[in-house]
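Single-structure report; data block below.
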Amino acid sequence: MALRQVLDYIWLIPVFPLLGFVTIGLLGRKFFKGKTELVPSIIGCASVFLSFVTSVLCVLALRHIEPNAEGVRVFTREVFMWIEMGAFRVPFKFQLDPLSSVMILVVTGVGFLIHVYSHGYMHKDGGQYRFFAYMNLFTCAMLILVLGGNFLMMFIGWEGVGLCSYLLIGFWFGKDSAANAGKKAFVTNRVGDFGFALGMMLIFTNFGSLDYQTVFAAAPHTLAYNGAIVTAITMLLFVGATGKSAQLPLYVWLPDAMEGPTPTSALIHAATMVTSGVYMVSRCNALFSMAPKTLILVGAIGAATAFFSATIGLAQYDIKKVLAYSTVSQLGYMFLACGVASYTAGIFHLMTHAFFKALLFLGAGSVIHGMSGDQDMRNMGALKKHMPHTCWTFMIAYIAIAGIPPFAGFFSKDEILWKAFTYNSPVLGPMWGKFLWAVGAAAALMTAFYMTRLICLTFFGESRVSHEAEHHLHESPGAMIYPLMALAVLSVVGGWVGIPEALGGANHFHHFLAPVLDKAALGAHGTHEAASAGLAYAQEMTAHVGGGGEAHSRSLELLMMFVSIAIAGAGIGVGYFMYIKNPNIPLLLQFKLPGLHKALLNKWYVDEIYNFAIVGGTKQFANILCWFDANIIDGTVNGVAWLGRTLSSASILFDGGVVDGAVNLVGKIVEASSNVLRRIQTGYVQNYALVMAIGVFVFLSIYILFR
Amino acid sequence: MTPEILTYADMGLKWPILSLLTYIPVIGAIIIMLFLRRDNTIRWFANIVVLVDFVLSLRLIPGFIIDRHALQFVEKAPWIESLGAQYFLGVDGISILLVLLTTFLGVLAVLSSWTAIQDRVKEYYIFMLLLQTGMLGVFFSLDFFLFYVFWEIMLVPMYFLIGVWGGPRKLYAAIKFFLYTLAGSVLMLLAILGLYFLHYRQTGELSFEVMKYYGMDIPMHIQRWLFLAFFVGFAIKVPMFPFHTWLPDAHVEAPTAGSVILAGVLLKMGTYGFVRFSLPLFPQATMWFLPYGITLAVIGIVYGALTAMMQPDMKKLVAYSSVSHLGFVMLGLFALNQQGVEGGILQMINHGLSTGGLFLVVGLIYERRHTRMIKDFGGLSHQMPLYAIMFMIITLSSIGLPSLNGFIGEFTILLGGFKALWMKPVVALGFLPKEWATNMSTLMVLLATSGIVLGAAYMLWMYQRVMFGKLENPKNMELKDLNLREVMTLIPIIILCFWIGIYPKPFLRFMDAAVMNTVLMTNPQAALAEMKQMREMQMNAAPGQGMEAPSGMQLPPGHPPISMPGQHMMPGQQSAMPPGHPPISMPGQTPAMPAGHEAMMEQFRAGESHGMRRGLTFMEPAAAGHGEAPEAAHADPHGHSGDK
């Protein structure tokens, strides 16, 4: 079988996990509960593994597809017509191109490792079958999200992953905090989806289609560069992205989402689902590149989020909360990349982040597992000697996220910062890029610092583990350790696919994605087609070249690289100094700056403000409406009824006194007169006939007279 | 335009299937009344009757003509000749799904009553069966006289179901329901009589036949009054804000099966009435009323959702959520385009399934615990895992999760609203500056869309408070999970929810032609724009979809893309049609338009039918002198605000 024919089975990629979900879900409660917990694990892992193999084959097969007019190797397959109403037609359609290739490989690859890990982590939980069912469903939804060929397909996956996130966050639904966190995640995401849905409607009304290829091909002709419509569309889509990818102001659900089992946090809330906003923005780069105003917003939100959540990460004690805020911060970097129209860098960071952040979470999960469920770093310390494998894998991820070469995080983060530094915004000019760079660099400093803090508090320094916990302290089983090792390898080498030319690399990753994401790099494809589009592309093209010649830019790039390494080193150094060398400095700072510390510890009170203003406000308003409904609207209805009853009582009175009185009076008269008339009743027919004739005569005359 | 009429004999049936469907339940009721004594016998018998009715109703599906709008399985006979009333039954694409929904929910409702009803069993089932007859009669009737008879018949059994088998405030609720609905029906009756006499005056023929009224030329000032009378009658039934307060009371007090039928079918009578009567009979008045109608629908969406959020009683919560969901339906119908109306009708079905399901779900624990207060529960998932799964799926369907039914309806409604609202109310408002009106209409869609956020909030909150958390109340510790019969009442709903969500085509194709026809009668511009777009899609459709990116998508430079140029879309589809350009002159070459639409186009071009001619005058500026009617329809694309 020619490799190319594998693509005909592309639909199997999401179907495998779906089958896993259905099997485990339907049979789980009856058959897989209790002793046979190995079975759901095997089914769950195998389905994702099959999906991974299929993905690899499909991605390899994609090389055999001829590039289309735009130079993109893209494969599409319509499975069936999903919705058809008049001119609104949405097929169930898959699309595989370099962008979705990267995504499916990350999702199934990292997903598979996390599934294996889960077997170790979740064993003896009792609800393991449920866990694997949800995880498989999640994988399926995520694959639909990234493989979908139109916006509505993406939306299926989009809401599907939201649902699974809800189910998994609330996995231990007996805990109120978990149930609350799940609901919060779903509803906050719905706020984002509201924007996404409106964006889709605006796209449909303007393009008459929701198909990616149609929309993106038509965009330069249909919409004006920097016009109101394209700005509105992209802003609305970006609202969706801020919800799903936990950006300001909708990030609040992600830290709470840590209530879920740790593998969930690794898979959904670090590696895959939360990055789907970045995927979406990159997927729609044709639209976003036409809307420089939106790009400014994207960059601003990304930078602000990266900075803001890094500050919160400085002072958290819950190991998973630190990682959660770190995730929010790193997602901010990805949006920062998108905001400087450097989508490749965003996707590159998405990929490396998936490796090292999944590793961090899984390592944290291993620590929590060893600590018998305790997540507070104040109760840890010097775990290195108890959990050596966890420690060294964790260290690798830590170096990667801190941004030290040649680990994965360095290349991607540095590319983002470099692209930001050289960005020349069509609206705000080159200074905007410099500003974004500064914010990003500050966030990088903090990242290196709080990660060092985390490492020091957890694995090094003095042990603060209680006696009881120390007794149980153990290294995690193989099922958990091997995935950690695999991810550690990826966290080292994962960045090597994108080594920049400045360092003598080939930057394969960039060239692989460029046809989809970086049309400018391909040369002026769009330029002659429509003037406005050409302008857009031309501007994007000049954006990254930098001021001077190629050589000048090279040396600058190298310089900036050293700057970012220095920043990372500074962060690490300060952290080392504060948490290993002089462990009382943090306490001193805490004492000196109680207000700041408290604000950081309480996450700037954002949750409290939201709860008060938005949740409380909505509930209060709803209460007022309930009152209005019961008293005013229903009161009116009951008032009408009361009026009816009152009138009826009144008329009864009237009836008894006046009408009935009159009737009785008539009765009396009749009675009296009947005494008289009785005599007429003679019994003779002639008399009756006479009376009848008179009667007829009288009535007829009345009729004629009054007609 | 008058649709084609196909009798049951034309369609190859030997027996009048619609009459059978309608009267099987009442015959069953008579048999129960006369011959059956023992409760269990009655239960079995009633279940069999509704099941037979349901199976028989499936016979409507094969052979149903979907490629053009036609009244099918028709039975037509003179009835009261002195009045011109006929016995005229038929189904078309608008009613068939509602009919199937009715027989389907009938089965589930009767099945779910097995243990819930313990006293006056005989009377209960008699009323349930009578109710089914009334409902089916309403959907089948194509003669206003007959329609009104069924419409009123339907009220009586429902009144008794609430009043006899209801909760503590049953009498209050039953009387409120009855009188409120009756008040609406009386107005509707007046409007029907108005139409009747108007028709008599115009044609000299006494007839209650609905299709004959379609072609009438009703002066605007009369249309408005008639529309309002119908509107109030239907709006009470739907119920639209602010006519909704009978609904929570009726739901809370009604027995479970009563709630299921009430939410699932009875409310649809109102929305069905809009599609069947109000829109095609009074197109100009509809346009005139549009901004108000949309405003009420959107208020209903948000208001219903917010009020639902704070309800302590599960049934009341679901009742208010109905107000919100039916707000969506009304929004879709008022969008007056293919997506809006079709989505609206689909959403009627969806709401019937998911809200019917929710009432069943609530009824299940009510039967066990005799309380519906949310605070009495918590942590039920531990005790009733199967119940938890079913409840979750139905909740998600109600929230509108993609791949479940609610999503398709809500999304297409909002899409329809979005398409329509960019242009319509603008026009109809008239007294507002145009830009305001556009902003207002955008605001309306924004608010309506916010309903999906609120919907998730109140449903998940309820689910969380009932199912999640610790099992604390000792009374809940002995709750039993669902038994087979109970599972059987929910499984069919769940299957349909997934089916409609994943592969809605079999459901949608019933409606396509009929909805197109309705839109064409009410809002010809939207229909023509839709057809034009479909034609363009057909011509642009790349022949080689599949392996490589269809190069057909790459449009030549000067050529307008698949749809109209974006900038022109802002004022709305109106711009799709050049000003002053008669819409009739569509390019003739059509490769493969669906036959039905093609036929409609032909008819439209020829301007043959009576109704269509009115549709045209309605659009042509020159006809403005012709009555005061048509301003509503054309927004001047160039922005001279003019009307009134």
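These protein sequence lines map, in sequence, to chains L and F.
Using the numbering used here, the first residue of the first sequence is number 1, and each one after it goes up by one.
Using the numbering used here, the first residue of the second sequence is number 1001, and each one after it goes up by one.
Note that beta-carbon positions come from the ideal geometry of N, C-alpha and C, so glycine has one too.
None of these values were measured; they are calculated from a predicted model.
query                                                                                                                              : result
Residue-chain proximity (M201/L, chain F), Cβ-Cβ < 8 Å                                                                             : yes
Minimum Cβ-Cβ distance from F1468/F to chain L less than 8 Å                                                                       : yes
Presumed contact (8 Å Cβ cut-off) between F207/L and T222/L, rounded CB distance                                                   : 6 Å
Residues of the stretch 612-623 of chain L with Cβ closer than 8 Å to any Cβ of chain F, in chain order                            : T618, K619, F621, A622 and N623
Contacting residues, own chain, Cβ-Cβ under 6 Å from Y1303/F (five flanking each side not counted)                                 : F1241
Strand pairing of A1070/F, partner residues [DSSP]                                                                                 : E1004/F
Interface flag, W1499/F vs chain L, CB-CB below 8 Å                                                                                : no
Sequence-distant residues of the same chain with beta carbon closer than 8 Å to I711/L, five excluded per side                     : Residue coverage of chain L in this structure runs from 1 to 707, which leaves residue 711/L outside it and unanswerable.
Residues in the stretch 225-237 of chain L having any Cβ partner in chain F nearer than 7 Å                                        : I229
Residues near G728/L in its chain [Cβ-Cβ closer than 6 Å; skip 5 each side]                                                        : Nothing about residue 728/L can be read from this structure; chain L reaches only from 1 to 707.
N- and C-terminal bounds of the alpha helix (DSSP H) containing M154/L                                                             : F151 to I169
CA-to-CA distance, A420/L to E557/L, given in whole angstroms                                                                      : 12 Å
Contact belief for A1527/F with M1516/F at Cβ below 8 Å, rounded distance in angstroms                                             : 6 Å
Coarse secondary structure for E1209/F, derived from DSSP in three states                                                          : strand
Residue burial classification, R1037/F (beta-carbon count within 10 angstroms, cutoff 16)                                          : exposed
Any 3 or more C-beta pairs closer than 8 Å across the stretch 133-146 of chain L and the stretch 57-74 of chain L                  : no
Below-8 Å beta-carbon distance, I156/L vs any chain F residue                                                                      : yes
Proximity test, Cβ basis, 8 Å: V1049/F and chain L                                                                                 : no
Residues of its chain near C391/L, where Cβ-Cβ distance is below 6 Å and the 5 sequence neighbours each way are ignored            : K384 and F459
Buried or exposed by the 16-neighbour rule on C-beta atoms within 10 Å, applied to G648/L                                          : Gly is not the amino acid found at residue 648/L; the sequence shown has Ser there. Exposed.
Extent of the continuous alpha helix (DSSP H) run through L295/L                                                                   : P292 to G313
Best match in D125/L, I301/L, N180/L and A479/L for proximity to V439/L [C-alpha to C-alpha]                                       : I301/L
Top-ranked residue by Cα proximity to I1032/F, from V1049/F, L1018/F, S1322/F and T1115/F                                          : V1049/F
Beta carbon of G1233/F nearer than 8 Å to that of G1184/F                                                                          : yes
For L1115/F, three-class secondary structure by DSSP                                                                               : Here residue 1115/F turns out to be Thr, not Leu, going by the sequence shown. Coil.
Which of helix, strand or coil DSSP assigns to M1373/F                                                                             : strand
Rounded straight-line distance, which links the Cα of N1473/F to that of Y450/L                                                    : 44 Å
Cutoff 7 Å; reference F348/L; Cβ partners in own chain excluding five residues on either side                                      : S412, E415, G498 and F509
Touching by the beta-carbon criterion (3+ pairs, under 8 Å), the stretch 1335-1352 of chain F and the stretch 1470-1487 of chain F : no
Given P1492/F as reference, the closest of G1356/F, V1466/F and V1156/F once Cα atoms are compared                                 : G1356/F
Proximity winner among V663/L, N285/L and G313/L, relative to K598/L (alpha-carbon distances)                                      : G313/L
Paired residues, beta bridge with L383/L - DSSP                                                                                    : None, per the DSSP bridge assignment.
Chain L contact residues for T1307/F, given Cβ-Cβ distances below 8 Å                                                              : A622, L625, C626 and D629
Proximity below 8 Å, CB of M1462/F to CB of L1317/F                                                                                : yes
Distance between L1195/F and A133/L (C-alpha atoms, nearest Å)                                                                     : 59 Å
Extent of the continuous alpha helix (DSSP H) to which G240/L belongs                                                              : A228 to K244
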